Amino acid sequence: MLGLGRALGYAGRMSTHSRSFPAPRRGAVHEEQAPQEADREEEKRSAPRRRGGDKASPEQGADRQGPSRRSGRRVSGEPAAQAPARARTGRSRKTEQPEAAGEAHVLPRWRQERREQRREARQQEQVHLARRWPDLPRSALPREDFSVQVAARDYMQPLLEELGDRVITVRGRLVLARGTEPAAWAQNVWTEPRWIPITSIGNGARQLSALQRNWRAHIPTIGGHVRRLRLMQEQLPYVAARPLHFGTPAPSAPLGAFTLWEKDLMLASPRTTSPFADGEVQFVENREDPPGRAYLKLWEVFTLTGRTPAPGELCIDLGAAPGGWTWVLGRLGCRVFSVDKAGLAPQVAAMPGVNHCLGSGFGLEPRHVGQVDWLFSDMICYPDRLLETVREWLAADACRNVVCTLKFQARTDHETARAFAAIPGGRLLHLSCNKHELTFVKLAG
1 MLGLGRALGY
11 AGRMSTHSRS
21 FPAPRRGAVH
31 EEQAPQEADR
41 EEEKRSAPRR
51 RGGDKASPEQ
61 GADRQGPSRR
71 SGRRVSGEPA
81 AQAPARARTG
91 RSRKTEQPEA
101 AGEAHVLPRW
111 RQERREQRRE
121 ARQQEQVHLA
131 RRWPDLPRSA
141 LPREDFSVQV
151 AARDYMQPLL
161 EELGDRVITV
171 RGRLVLARGT
181 EPAAWAQNVW
191 TEPRWIPITS
201 IGNGARQLSA
211 LQRNWRAHIP
221 TIGGHVRRLR
231 LMQEQLPYVA
241 ARPLHFGTPA
251 PSAPLGAFTL
261 WEKDLMLASP
271 RTTSPFADGE
281 VQFVENREDP
291 PGRAYLKLWE
301 VFTLTGRTPA
311 PGELCIDLGA
321 APGGWTWVLG
331 RLGCRVFSVD
341 KAGLAPQVAA
351 MPGVNHCLGS
361 GFGLEPRHVG
371 QVDWLFSDMI
381 CYPDRLLETV
391 REWLAADACR
401 NVVCTLKFQA
411 RTDHETARAF
421 AAIPGGRLLH
431 LSCNKHELTF
441 VKLAG
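So, in structure tokens, the structure goes:
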């Protein structure tokens with residue numbers, strides 16, 4: 001570790017932390033304000049109140065604060081959060097405030113507006129795709145040597161660009177493509193699709209059960225016989241879809257996918273490239289400890305590949321700040337050297353085995369470091385620059401495993417993506433939590 005620390009000295013000073021700095025807990029500010037709120041509430045109770053032209057005494061004012069347990073009016077001194085809700089009447093001028101527990105689940109207005117904008121954009125995209133790719137007659141539907149590529153949400157265009165002439169037709173997020181090779185921008189790929197005529201909902205469920213046990217319906221966002229699909233799913237054996245706790249292995253049983261192309265025509269595939277419905281992995285998130293949500297990318301990579309760094313393995317995290325990936329590696333017991341021009345979040349920098357160097361991730365040369373077990377990068381940079389760095393580390397045989405994120409600008413750099421995919425032993429995929437990004441993974445055999 002000291003040798004690597006000297007190698008990292010090019011960037012400035014090494015920041016090592018031996019003292020623990022606990023992460024601030026959410027809600028701490030509200031807890032500090034709680035006594036002040038209680039004082040103000042007490043002042044309101046004791047303040048004279050005017051009703052019908054008469055002044056109320058402090059005792060009367062306290063009695064009027066809320067409903068009692070029997071009559072519906074709150075007893076004096078009873079906490080507001082424990083009192084039953086006051087029935088709204090025309091004479092009551094008091095504005096009820098939502099409880100703190102309820103307020104925590106209310107999204108900010110800007111986030112609600114952004115979700116609404118995304119929803120409208122998705123609908124407009126579906127309308128545009130429907131016009132560009134009209135429905136094919138049954139006689140023109142492919143029968144063999146084709147696949148169904150499920151586009152990542154909001155990223156249909158990169159998938160169509162990647163597939164090019166392979167595209168046969170598009171329906172919602174489903175792209176019928178020639179050949180079975182998975183596209184990097186596909187969230188999931190149905191590798192054995194087939195057309196199954198059905199006479200009823202029960203008939204469709206029985207035909208699926210005859211092929212295998214586990215099935216999940218692909219529910220389209222617009223149209224697509226949604227109710228019939230849901231009823232058919234209810235008649236199939238139950239498949240759990242609860243969020244995963246990190247460390248739980250991915251399901252090993254094959255998961256088939258199906259949808260209704262027409263009312264009496266089903267498109268189904270017993271085999272898909274992902275054990276999760278539509279290829280989307282949901283985790284029980286940690287909203288307290290890690291800085292940001294980038295840690296979910298590593299959680300998903302380790303879950304899909306079934307490989308995690310072992311305790312004590314040496315990891316380099318390029319462009320680490322604020323430290324989401326470093327936090328994951330530190331929790332796994334790895335020795336982590338992170339590099340970034342900015343510092344790590346205090347709770348991450350204080351983790352045992354974490355050492356941070358202030359500097360550029362591109363300035364760290366593998367010949368100065370020696371061999372490491374894992375090379376990680378989630379830094380914001382041009383994909384071609386990242387490609388040069390990864391090739392340099394691999395050519396020097398300086399790392400056994402590589403996980404990095406290709407972050408694209410307005411235009412998707414498909415040429416660089418193909419260059420990453422051409423690296424022997426490498427794999428390029430779009431994770432559930434990736435945005436306009438792809439993740440490159442190369443693991444030692």
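When we follow UniProt numbering, the leftmost residue of the sequence shown carries the number 1, and every step to the right adds one.
Each residue gets a CB set at the ideal place from its N, CA and C atoms; glycine is no exception.
Since the model is a prediction, treat every value here as computed from it, not as a measurement.
{"Asked": "Top-ranked residue by Cα proximity to Ala-253, from Phe-246, Leu-136, Ala-268 and Pro-275", "Found": "Pro-275"}
{"Asked": "Given Glu-392 as reference, the closest of Gln-347, Ile-423 and Arg-178 once Cα atoms are compared", "Found": "Ile-423"}
{"Asked": "Inter-residue spacing [alpha-carbon to alpha-carbon] between Arg-242 and Leu-255", "Found": "15 Å"}
{"Asked": "Which listed residue (Leu-129, Gln-212 and Pro-290) has its alpha carbon closest to that of Tyr-238", "Found": "Gln-212"}
{"Asked": "Cα-Cα separation between Arg-173 and Val-150, rounded to whole angstroms", "Found": "6 Å"}
{"Asked": "Three or more C-beta pairs below 8 Å linking the segment 331–338 and the segment 304–319", "Found": "yes"}
{"Asked": "Residue burial classification, Pro-108 (beta-carbon count within 10 angstroms, cutoff 16)", "Found": "exposed"}
{"Asked": "Nearest to His-414 (by Cα), restricted to the options Tyr-382, Val-390, Val-148 and Pro-134", "Found": "Tyr-382"}
{"Asked": "Length of the line joining the Cα atoms of Ala-342 and Asp-317", "Found": "13 Å"}
{"Asked": "Cβ-Cβ distance between Glu-181 and Pro-270 below 8 Å", "Found": "no"}
{"Asked": "Length of the line joining the Cα atoms of Ser-147 and Lys-263", "Found": "21 Å"}
{"Asked": "Distance, Trp-215 Cα to Leu-236 Cα", "Found": "7 Å"}
{"Asked": "Sub-8 Å separation of Ala-398 and Pro-346 beta-carbons", "Found": "no"}
{"Asked": "Beta-carbon proximity of Gly-202 to Leu-260, cut-off 8 Å", "Found": "no"}
{"Asked": "Integer Cβ distance of Leu-267 from Pro-197, believed to fall under 8 Å", "Found": "Not quite, the Cβ-Cβ distance comes to about 11 Å (not below 8 Å), so this is no contact."}
{"Asked": "Whether residue 447 touches Ile-168 by CB criterion (8 Å)", "Found": "Residue 447 is absent from the structure shown; the chain starts at 1 and stops at 445."}
{"Asked": "Cβ-based burial, His-430 [other Cβ within 10 Å; buried from 16]", "Found": "buried"}
{"Asked": "Straight-line gap, Val-339 to Leu-358 (C-alpha atoms, nearest Å)", "Found": "6 Å"}
{"Asked": "Nearest neighbour of Glu-388, chosen from Ala-250, Gly-363, Leu-208 and Asp-278 [CA to CA]", "Found": "Gly-363"}
{"Asked": "When Val-372, Ala-277, Gly-292 and Asp-384 are compared against Ala-417, the one with the closest alpha-carbon", "Found": "Asp-384"}
{"Asked": "Nearest-angstrom Cα separation, counted from Ala-396 out to Val-402", "Found": "13 Å"}
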